[in-house]
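Down below is the structure, laid out as structure tokens.
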Amino acid sequence: MTKKEKTEINPDNRGFYGQYGGSYIPELLWANVEELRTRYSPIMSEKSYTDELDRLLRDYAGRPTPLYHAANLSRKTGAKIYLKREDLCHTGSHKLNNVLGQALLAVKMGKKQIIAETGAGQHGVATATVCALMNLPCTIFMGEKDTLRQKLNVTRMEMLGATVVPVSSGSKTLKDATNEAIRHWINNPDDTYYLIGSTIGPHPYPDIVTKLQSVISRETITQLREKEGRDEPDHVLACVGGGSNAAGAFFGFIGNGITRLTGAEAAGEGADSKKTAASINKGSMGIIHGSKTMLLQNKDGQVTETHSISAGLDYPGIGPLHAWLSKEGLAQYLPVSDEEAIEAAFDLTETEGIIPALESAHAVALLDKIDFKPGAVIVICLSGRGDKDMETYSNYFEGRSRGILPADNHQAT
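Under our numbering, think of the first position of the sequence shown as 1147, with each following residue one higher.
As structure tokens, then:
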């Protein structure tokens, strides 16, 4: 690939990336979304906003996060592998980057309370953390299934003072938590800010979250220059559910002509099975949660239930930015099964002494799926740490030691 000017990634004034994006919302939400659309860019450009966000990212979140040369994994694969250690960010994942920025935005807009949705619980924990810091009442909607498989994060949110609302409708996962958060927002429009955790939802949320997470690639560029004497890696790998950590990790390299961008979609029990969450590989264009994008749906346009061992990737759609990147050939998105992800997690743990979140393990698994030259510089966005997934890992570890197949053990999670 030949280096060229980086493609600028901004939606048009209606919030579209090509044919994906926009704002498809109930009339009752129009005033809320329009207020956000007109105010977010001026506020986020104010010096008082940027100075405060920079201070919090540095002194509270612990940025910049390290770009760690995984020497053992590099020797094993024949590539030069770097891990962007978002797992070392305060609260344990990249989610805090976005939450700090949006919470500051909410305060500037005069909002008095925060609501959010969460799947794996990391966005919920980050939101509860910042609301405690800023003395804002906080309500987190979480699928009932996810509250059970992420009990530790539920406890953390409640300890931080948040009200956690289990959602028992539908598949009881992230999609349903998002539905309930939107319903709550409709009924509490005036003083409530809906803090969306990924590059999903109506415009301007995908743009807001992408810009706030772009700190990941900005730091990577600076750190890579120091370590390798170059600004562009050969590959950047990241997991993709709604797509926030991948948007941040990809942003600074999109269309540069050098870097190949690859996202890992959760294939669950297989991309061709009925238990999958691979929306780009197996989905079609439709509308979900206020945005036109690629999603898993039946022939009648009804959203289908998904499956992933990873609660954070168990979502039937994809952010419109990623749908556009895929269509334009600016990034590729490959399915990674539950078994491949969990084996990659154990491989990283045993090789580098780093236990990744199940979401991040999907990105690590891409090393076995992409083509790269010997010595290629590969950056993997390690979006979160594995503390929250220890029960799943424990069940799998015990089953593996007894010779039980991974598929048998998944039922316990």
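By construction, the Cβ of each residue, glycine as well, lies at the ideal position given by its N, Cα and C atoms. Every value quoted in this text rests on a predicted model; they were computed, and no experiment measured them.
Sheet register partners of residue i (DSSP bridge)
i     : result
S1093 : Residue 1093 lies beyond the residue range present for the chain, which begins at 1147 and ends at 1559; the question has no answer from this structure.
P1312 : M1288
I1227 : I1524
T1211 : In DSSP, T1211 forms no bridge with anything.
I1433 : K1438
C1385 : A1410
E1263 : F1287
V1449 : Q1443
T1338 : Q1259
G1167 : F1162 and K1438
R1295 : For R1295, which the question treats as bridged, DSSP gives no partner whatsoever.
R1531 : P1502
G1463 : L1441
S1239 : G1530
Q1478 : T1408
Buried or exposed by the 16-neighbour rule on C-beta atoms within 10 Å, applied to residue i
i     : result
Y1186 : buried
Q1359 : buried
D1158 : exposed
N1333 : exposed
G1458 : buried
R1302 : buried
A1393 : buried
Y1542 : buried
A1274 : buried
Beta-carbon gap between residue i and residue j smaller than 8 Å
i     : j     : result
I1565 : T1338 : This structure gives no information on residue 1565, because the portion of the chain shown stretches from 1147 to 1559.
S1437 : P1379 : no
T1319 : K1291 : yes
I1428 : H1453 : Rather than Ile, the amino acid found at residue 1428 in this sequence is Lys. Result no, Cβ atoms of K1428 and H1453 do not sit closer than 8 Å.
T1324 : S1390 : no
R1221 : V1361 : no
A1507 : A1487 : yes
T1439 : Y1166 : yes
G1465 : G1375 : no
Alpha carbon of residue i to alpha carbon of residue j, nearest angstrom
i     : j     : result
V1313 : F1518 : 43 Å
D1200 : G1447 : 43 Å
H1330 : G1403 : 44 Å
Y1228 : I1526 : 6 Å
P1172 : Y1351 : 16 Å
T1285 : G1270 : 9 Å
C1385 : L1480 : 10 Å
N1213 : K1226 : At residue 1213 the sequence reads Leu, which differs from the Asn that was named. Spanning the two alpha carbons is a distance of roughly 12 Å.
L1441 : E1451 : 11 Å
A1511 : A1490 : 5 Å
K1258 : L1528 : 33 Å
T1309 : K1373 : 44 Å
L1203 : G1532 : 22 Å
E1474 : I1426 : 13 Å
S1456 : E1498 : 21 Å
A1558 : E1485 : Low local confidence applies: a pLDDT of 33 at A1558 is under 50, so the model's placement there is unreliable, with the coordinate-based value given in what follows. Cα to Cα, A1558 sits roughly 14 Å from E1485.
T1405 : H1435 : 31 Å
Q1369 : N1444 : 45 Å
V1276 : Y1340 : 14 Å
Y1461 : L1467 : 16 Å
Same chain only: Cβ atoms within 6 Å of residue i, ignoring 5 sequence neighbours per side
i     : result
A1207 : C1235, H1236 and L1242
A1272 : T1237, K1241, L1242 and V1245
G1224 : P1520
I1342 : Y1351
I1155 : I1400
L1383 : T1408, A1509, L1512 and I1526
H1215 : Y1228
I1524 : A1225, I1227 and H1381
D1353 : P1157
Chain D within 8 Å of residue i, Cβ atoms only
i     : result
V1276 : Structure shown: chain D not included; a single protein chain is present.
Chain-order list of residues whose beta-carbon lies under 8 Å from that of residue i (same chain, five-residue window excluded)
i     : result
K1534 : G1238, A1266, G1267, Q1268, Q1296, L1298, N1299 and A1503
W1176 : none
Sequence-distant residues of its chain with Cβ nearer than 7 Å to residue i (five each side left out)
i     : result
A1278 : L1306 and G1307
V1253 : M1280
G1416 : T1422 and S1483
E1304 : V1310
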